[in-house]
Amino acid sequence: MPSASHSENGPSLYEPIHGSAPDIAGQGIANPISMILSVAMMLRDSFGRYEDAERVERAVEASLAAGTLTRDIGGQASTKEMTEAIIARL
Numbered sequence: 001m002p003s004a005s006h007s008e009n010g011p012s013l014y015e016p017i018h019g020s021a022p023d024i025a026g027q028g029i030a031n032p033i034s035m036i037l038s039v040a041m042m043l044r045d046s047f048g049r050y051e052d053a054e055r056v057e058r059a060v061e062a063s064l065a066a067g068t069l070t071r072d073i074g075g076q077a078s079t080k081e082m083t084e085a086i087i088a089r090l
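Residue numbers (the UniProt record's numbering): 1 to 90.
Structure, rendered in structure tokens:
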């Protein structure tokens with residue numbers, strides 16, 4: 001799940017709500033969707049790039065609909081495979 005911490009006077013912080021998961025870093029098993037959707041949130045909220053944010057969100061949705069799933073959601077795709085599937089749909 002994507003999240004944001006907004007500041008009234010400074011920059012905002014965008015990250016997955018579950019944190020960075022350093023315990024599984026480098027293993028290719030992390031689901032990148034929350035981070036990617038956090039980027040979409042940043043594009044919309046901080047930069048006013050509404051169409052770009054929607055493109056990212058649609059690419060994620062299309063990848064899931066096509067059956068590209070990481071292990072945590074019932075598939076076999078690696079972090080890289082999931083990311084590449086989303087990028088291909090941008």
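Even glycine gets a Cβ: it sits at the ideal position worked out from N, Cα and C.
For residue i, does the count of other Cβ atoms within 10 angstroms reach 16, so buried, or fall short, so exposed?
i: residue 31; result: buried
i: residue 87; result: exposed
i: residue 22; result: exposed
i: residue 63; result: buried
Can you check which of these residues, the options, is closest to residue i by C-alpha distance?
i: residue 57; options: 85, 5 and 80; result: 85
i: residue 115; options: 67, 65, 59 and 46; result: Nothing about residue 115 can be read from this structure; the chain reaches only from 1 to 90.
Sort out for me which residues DSSP pairs residue i with in a bridge.
i: residue 14; result: 4
i: residue 68; result: None; residue 68 has no bridge partner.
Could you tell me the boundaries of the alpha helix (DSSP H) in which residue i lies?
i: residue 62; result: 50-65
i: residue 37; result: 33-45
i: residue 85; result: 79-88
Inset, instruction - Report yes or no: do three or more beta-carbon pairs, one from the region 21-41 and one from the region 67-74, lie closer than 8 Å? - result: By the C-beta criterion, the region 21-41 is judged to be in contact with the region 67-74, since at least 3 inter-stretch pairs fall below 8 Å.
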